[in-house]
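Quick note on numbering: the sequence shown equals residues 1 to 254 in the UniProt record's numbering.
Read through the structure below, which is laid out as structure tokens, and then see the notes.
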Amino acid sequence: MPARRQAPVTSHIWASGGRHLWPSGEASALQSHERGHLVYAASGVLAVHTERGTSIVPANRIAWTPARFAHHHRAHGDTDMRIVFLAPSLARLVPAHPTVFLATDLAREVLLALTGPRNSDYDQSARSRLSRVLVGELREAQEQPLQLPEPHDDRLQALAQLLYENPGDNTSLAEHGRHIGASARTLSRLFHDELGMTFYEWRTQLRIYHALVLLAEGRDATQTAFACGWANPSHFIAAFTAIIGTTPGRYRTN
1 MPARRQAPVT
11 SHIWASGGRH
21 LWPSGEASAL
31 QSHERGHLVY
41 AASGVLAVHT
51 ERGTSIVPAN
61 RIAWTPARFA
71 HHHRAHGDTD
81 MRIVFLAPSL
91 ARLVPAHPTV
101 FLATDLAREV
111 LLALTGPRNS
121 DYDQSARSRL
131 SRVLVGELRE
141 AQEQPLQLPE
151 PHDDRLQALA
161 QLLYENPGDN
171 TSLAEHGRHI
181 GASARTLSRL
191 FHDELGMTFY
201 EWRTQLRIYH
211 ALVLLAEGRD
221 ATQTAFACGW
231 ANPSHFIAAF
241 TAIIGTTPGR
251 YRTN
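Here you go:
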């Protein structure tokens with residue numbers, strides 16, 4: 001992924017969480033917390049990077065990072081990032097690994113209430129009740145992984161770097177293999193064994209990640225489709241909708 005850089009953001013922090021207003025392209029330093037936390041992008045697109053890979057958090061997802069997981073965040077488009085820390089008793093009810101949940105309407109409203117300007121109106125008892133409602137909604141929602149796992153094998157890293165730099169590259173796996181010195185069969189096995197997906201599934205995830213960034217920067221669906229390697233915008237719209245749950249056009253207007 002592109003090199004990170006640390007820059008100031010406008011922050012409002014409370015004991016239970018906070019709000020960070022990020023200019024596009026800004027990123028946090030590598031960090032970890034004693035409590036697990038949920039993050040949500042009220043606007044913009046947020047990327048959460050951990051050792052497990054990169055989770056993409058558009059406006060209809062909520063990301064969970066457990067306690068003591070090293071991570072950093074990056075904003076794509078001007079991003080209104082909300083964060084809620086969970087008490088250990090609630091953190092035990094959600095997965096012990098970083099993941100992404102679909103944001104139901106109720107979960108979104110509760111999270112915004114916990115991190116909005118009226119946050120100070122709630123006493124500890126009210127915050128605890130709202131947090132329980134939020135976790136209950138997440139437990140009912142299926143995990144919606146929108147994650148780009150990071151490869152560790154040197155050959156996969158070399159291939160990944162090529163596509164990080166040019167997500168629209170339509171070079172076949174066999175051609176990539178000739179460039180980096182590995183057969184298509186070997187690379188296919190490595191993708192399956194190390195990342196749990198095929199090369200084409202991984203490349204599609206990367207392209208959707210890049211598409212979210214471009215849409216957040218104001219590109220339209222046709223421009224985004226071509227930049228991400230789709231020759232036919234309708235094929236891009238179908239792939240985007242299958243993964244994100246809404247069309248690019250509707251996503252841009254949310």
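Note that CB positions come from ideal geometry on N, CA and C, so glycine has one too.
Taking the Cβ atom as the reference point for each residue, do Trp64 and Pro88 lie within a distance shorter than 8 Å?
no
Evaluate contact between the region 23-37 and the region 53-62, counting only Cβ atoms and requiring at least three cross-stretch pairs below 8 Å.
no
With DSSP as the reference, label Ala75 as helix, strand or coil.
strand
Endpoints, the beta strand (DSSP E) within which His33 is located
Looking at the DSSP string, His33 is not in any beta strand (DSSP E), and its letter there is neither H nor E.
Is it a yes or a no for the region 223-233 touching the region 158-173, going by three-plus beta-carbon pairs under 8 Å?
yes
Report the partner residues of Glu143 according to the DSSP bridge assignment.
Phe101
Let me check understanding here. Comparing Cα to Cα, which of Gly25, Glu143, Val84 lies closest to Gly77?
Gly25
Looking at the structure shown, is Leu46 part of a helix, part of a strand, or coil, going by DSSP?
strand
Is Leu215 near Arg252, with beta carbons less than 8 Å apart?
yes
Give me, in chain order, the residues of the same chain whose beta-carbon lies closer than 8 Å to that of Ile244; leave out the 5 immediate sequence neighbours on both sides.
Pro58, Asn60, Leu146, Ile208, Leu212, Tyr251
Contacting residues, own chain, Cβ-Cβ under 6 Å from Tyr122 (five flanking each side not counted):
none
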